[in-house]
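**Student:** Residue numbers (full-length UniProt numbering): 1 to 296.
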Amino acid sequence: MLRMAHLGTNSKGILDSSHRLGRVFLTAAAALSTSLPARVDAFSVVRPYHHLPRPIKNGDFDRYSPSQNNLLVLRHSRQTRLYSSPKKDDGILKKVAKTLLPKKWFQSEEEKKAELVRQQARDNVKGGIKEMLKGAPLPVRMMGSMVAPLLSRVASDLSESVAEQQRTIESVLEDSRGYILGDDVACQALGEPIRVGSPFSQSSSTSIINGQKTVNIILGFPVEGSRSSGVAQAQANENGISQLLLQVDGRQIHVSLAKRKNAIGKNHRSTNKSYFAGDDDDNIIEAEIIEKDTKK
1 MLRMAHLGTN
11 SKGILDSSHR
21 LGRVFLTAAA
31 ALSTSLPARV
41 DAFSVVRPYH
51 HLPRPIKNGD
61 FDRYSPSQNN
71 LLVLRHSRQT
81 RLYSSPKKDD
91 GILKKVAKTL
101 LPKKWFQSEE
111 EKKAELVRQQ
121 ARDNVKGGIK
131 EMLKGAPLPV
141 RMMGSMVAPL
151 LSRVASDLSE
161 SVAEQQRTIE
171 SVLEDSRGYI
181 LGDDVACQAL
191 GEPIRVGSPF
201 SQSSSTSIIN
211 GQKTVNIILG
221 FPVEGSRSSG
231 VAQAQANENG
241 ISQLLLQVDG
251 RQIHVSLAKR
261 KNAIGKNHRS
271 TNKSYFAGDD
281 DDNIIEAEII
291 EKDTKK
């Protein structure tokens with residue numbers, strides 16, 4: 001009897017445990033059903049991606065295959081640059097050679113002469129400082145050796161500026177003589193041959209307005225001919241001589257700048273000669289053609 005009662009108690013406990021376990025499973029299933037969507041696919045289907053056919057080039061147009069419903073025509077974008085320069089350029093190799101090789105190999109005769117003058121000025125300054133500090137104490141000599149390169153550079157720039165100014169004055173005098181020879185009134189008043197002397201007065205001014213540099217120079221110099229003599233005043237800027245006045249026998253003559261003669265007597269048409277501008281202008285002409293994309 002006791003054994004049967006014990007077995008009944010055990011079976012009742014097992015049933016209660018099974019009921020509790022079943023309720024746990026039901027609760028978990030209900031929670032899972034609320035979190036998952038109503039429809040779940042076992043396998044995800046990837047839709048095939050159709051690439052557009054490669055464009056077929058036809059002249060300047062890019063056309064897509066006519067098998068497509070919408071025919072799309074795109075004009076091919078084209079950019080063209082045209083360069084023109086009076087100076088011949090050998091390309092990148094020449095630029096690289098100028099960078100690596102000594103500069104004197106590519107300098108003209110005038111550039112070599114100017115570089116020689118600058119080098120002589122630098123050497124003279126260095127030599128003078130060294131000679132002046134020959135018997136000075138060591139610290140003073142060391143200070144002089146440190147300052148010498150700076151002073152030599154300043155002297156070199158100054159000598160170059162003086163040389164350039166001298167060349168400008170010579171050019172103005174030469175052109176003034178040519179304009180006087182080309183003017184009939186001035187030539188008859190003086191008489192040929194005509195000679196010009198060294199300037200007895202000169203003045204120059206420089207102004208920079210909106211980044212544009214303007215240099216004006218005024219020279220006063222004597223003029224002598226076979227019949228008479230006088231004085232002339234020339235005003236020039238970066239574009240050449242802008243005004244030339246001649247005073248002969250109490251007369252003031254505005255010399256015409258329409259033409260000038262050289263030493264041989266050949267006539268030349270007046271041109272705007274630049275005295276102060278450098279020769280590094282390549283006069284590059286650039287033309288650019290751009291066609292925008294158009295859709296039809």
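Glycine is no exception: its CB is placed at the ideal position from the N, C-alpha and C atoms. Computed from a predicted structure; not experimentally measured.
(1) Cβ atoms of Leu181 and Phe221: under 8 angstroms apart, would you say?
(2) Do you know how far the Cα of Leu244 is from the Cα of residue 363?
(3) Indicate the three-state DSSP secondary structure (helix, strand or coil) for Lys112 in the structure shown.
(4) Might you give, ordered along the chain, the residues of its own chain that have their beta carbon closer than 6 angstroms to the beta carbon of Ile217, omitting 5 neighbours on each side?
(5) Note down, one range per segment and in chain order, each alpha helix (DSSP H) of at least 4 residues found wholly within the region 170-203.
(6) Using alpha carbons as the reference points, say which of Val147, Gly191, Gly225 lies closest to Lys130.
(7) Under three-state DSSP, which class holds Arg141?
(8) Within 10 Å of its beta-carbon, does Ala258 have 16 or more other beta-carbons around it, so buried, or fewer, so exposed?
(9) Reducing DSSP to helix, strand and coil, say where Leu74 ends up.
(10) Given that a residue counts as buried once 16 or more other Cβ atoms are within 10 Å of its Cβ, and exposed if not, what is Leu190?
(11) Run through DSSP, which three-state label would Ser152 get?
**Tutor:** Inspection of the coordinates gives the following:
(1) The answer is no: Cβ separation not under 8 angstroms.
(2) Any question about residue 363 goes unanswered here, given that the chain covers just 1 to 296.
(3) Helix at Lys112.
(4) Take Ile217, set aside five residues on each side of it, and the residues of its chain with a beta-carbon closer than 6 angstroms to its own are Ser204, Ala236, in chain order.
(5) Listed in chain order, they are 184-190.
(6) The residue with the shortest Cα to Cα distance from Lys130 is Val147.
(7) The answer is helix: DSSP assigns Arg141 an H, G or I state.
(8) Exposed: under 16 other Cβ atoms inside 10 Å.
(9) Low confidence applies here, because Leu74 scores a pLDDT of 45, under 50, leaving its location unreliable; read the following figure in that light. Correct three-state label for Leu74: strand.
(10) Buried, since its Cβ has 16 or more Cβ neighbours within 10 Å.
(11) Collapsing the DSSP output to three states places Ser152 in a helix.
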